[in-house]
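The structure under discussion appears below in the form of structure tokens.
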Amino acid sequence: MTTAEQHSTTPRTALVTGATSGIGREVALQLAELGWRVIAVGRDREALAHLAEASALITPRAADLLTGDLAALVPDRVDALVHAAGISPSTRVEDTANADWERVFALNVTAGAALVRNALPALRDARGTVVLVNSGAGTAARPRNAPYAASKHALRALANGLRAEEEENGVRVSTVYPGPTDTPMFGGDVDRRELIRPSSVARAVVMAITASEDVQLTDIHVRPRRELTW
Ligand SMILES: NC(=O)c1ccc[n+]([C@@H]2O[C@H](COP(=O)([O-])OP(=O)(O)OC[C@H]3O[C@@H](n4cnc5c(N)ncnc54)[C@H](OP(=O)(O)O)[C@@H]3O)[C@@H](O)[C@H]2O)c1
Numbered sequence: 001m002t003t004a005e006q007h008s009t010t011p012r013t014a015l016v017t018g019a020t021s022g023i024g025r026e027v028a029l030q031l032a033e034l035g036w037r038v039i040a041v042g043r044d045r046e047a048l049a050h051l052a053e054a055s056a057l058i059t060p061r062a063a064d065l066l067t068g069d070l071a072a073l074v075p076d077r078v079d080a081l082v083h084a085a086g087i088s089p090s091t092r093v094e095d096t097a098n099a100d101w102e103r104v105f106a107l108n109v110t111a112g113a114a115l116v117r118n119a120l121p122a123l124r125d126a127r128g129t130v131v132l133v134n135s136g137a138g139t140a141a142r143p144r145n146a147p148y149a150a151s152k153h154a155l156r157a158l159a160n161g162l163r164a165e166e167e168e169n170g171v172r173v174s175t176v177y178p179g180p181t182d183t184p185m186f187g188g189d190v191d192r193r194e195l196i197r198p199s200s201v202a203r204a205v206v207m208a209i210t211a212s213e214d215v216q217l218t219d220i221h222v223r224p225r226r227e228l229t230w
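The numbering of the sequence shown is full-length UniProt numbering, which starts it at 1 and goes up by one.
Okay, here's the thing in structure tokens:
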């Protein structure tokens, strides 16, 4: 089947990591609501089953991005790739072993890069969009988050380098930088009603994916209505 034939017979398709929780889960649900087919990736099989129950357009794919076959996760058609999976260890530099540095980079950066590499032919065919879910830590670092912040700085560089490489090929690249968001990842000591809702961050991701054909939304910062210090 030619690419054009394939695109006329399959709905727009997104590959979403981190789909079992928080921001990624909301992205999967919002895209399915818009009629997209969503390949939803995560390790938590129960959460994946709930997603599949929520929409027939969501195909669950149980995988550990640190050990799994990432190429096997990539469908033939990819209009959007969202890398929302992430871990956020809270450790001081003096206490962080090499293995811990490697794990946070492997998930937050390398897995995203590997998925992009495998999906690039399909993304080019579809003139698709890559969205890398970053963080306020992608531009600033605080005590006890240097490994996480370093990985998110690297993720920002991945986005910027990829965008420069792929603009000739029609692939656009967006970074979304959420502030403190009410998901299991956020353990800060704040009134959680002040946190950003994960669905609000997901709306920004979906906005990047569905932006007009003539533009790319390169960097989207999503901050709480009232800024938080924590
Ligand atoms: N929450 C915040 O305040 C905040 C702020 C700024 C940026 N962010 C960023 O937003 C993104 C989403 O975070 P979240 O807040 O939605 O966190 P979350 O609710 O904890 O979700 C994290 C996701 O990562 C997946 N994941 C973790 N390890 C994995 C592995 N080895 N293989 C595959 N998937 C794995 C988890 O799935 P399984 O456990 O099912 O594998 C889960 O779906 C992250 O990149 C995070 O850095 C969050």
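Even for Gly, the Cβ is constructed at its ideal location relative to N, Cα and C. Note that the structure is predicted; figures quoted are calculated from it, not measured.
Heavy atom of ligand 1 less than 6 Å from the Cβ of residue i, yes or no?
i	result
residue 187	no
residue 65	yes
residue 43	yes
residue 183	yes
residue 23	yes
residue 178	yes
residue 232	Here the chain comprises residues numbered 1 to 230, so residue 232 is not present and cannot be evaluated.
residue 150	no
residue 85	yes
My output table needs one value for residue i: the three-state DSSP class, helix, strand or coil.
i	result
residue 121	helix
residue 128	coil
residue 62	strand
residue 192	helix
residue 95	helix
residue 228	coil
residue 170	coil
residue 215	coil
residue 78	coil
residue 178	strand
residue 110	helix
residue 15	strand
residue 42	strand
residue 25	helix
Mark residue i as exposed unless 16 or more other C-beta atoms lie within 10 angstroms of its C-beta, in which case mark it buried.
i	result
residue 126	buried
residue 129	buried
residue 225	exposed
residue 17	buried
residue 182	buried
residue 188	exposed
residue 142	exposed
residue 218	exposed
residue 20	buried
residue 138	buried
What distance in whole Å lies between the Cβ atoms of residue j and residue i, which are believed to be in contact at a cut-off of 8 Å?
i	j	result
residue 205	residue 82	6 Å
residue 56	residue 48	Their Cβ separation, rounded to whole angstroms, is 14 Å, which puts residue 56 and residue 48 out of contact at 8 Å.
residue 74	residue 118	5 Å
residue 184	residue 68	No, residue 184 and residue 68 are not in contact; Cβ-Cβ is about 21 Å, not under 8 Å.
residue 109	residue 147	That pair is no contact at about 11 Å.
Per DSSP, residue i forms a beta bridge with which residues?
i	result
residue 153	According to DSSP, residue 153 bridges with nothing at all.
residue 197	Bridge partners of residue 197: none, in fact.
residue 142	According to DSSP, residue 142 bridges with nothing at all.
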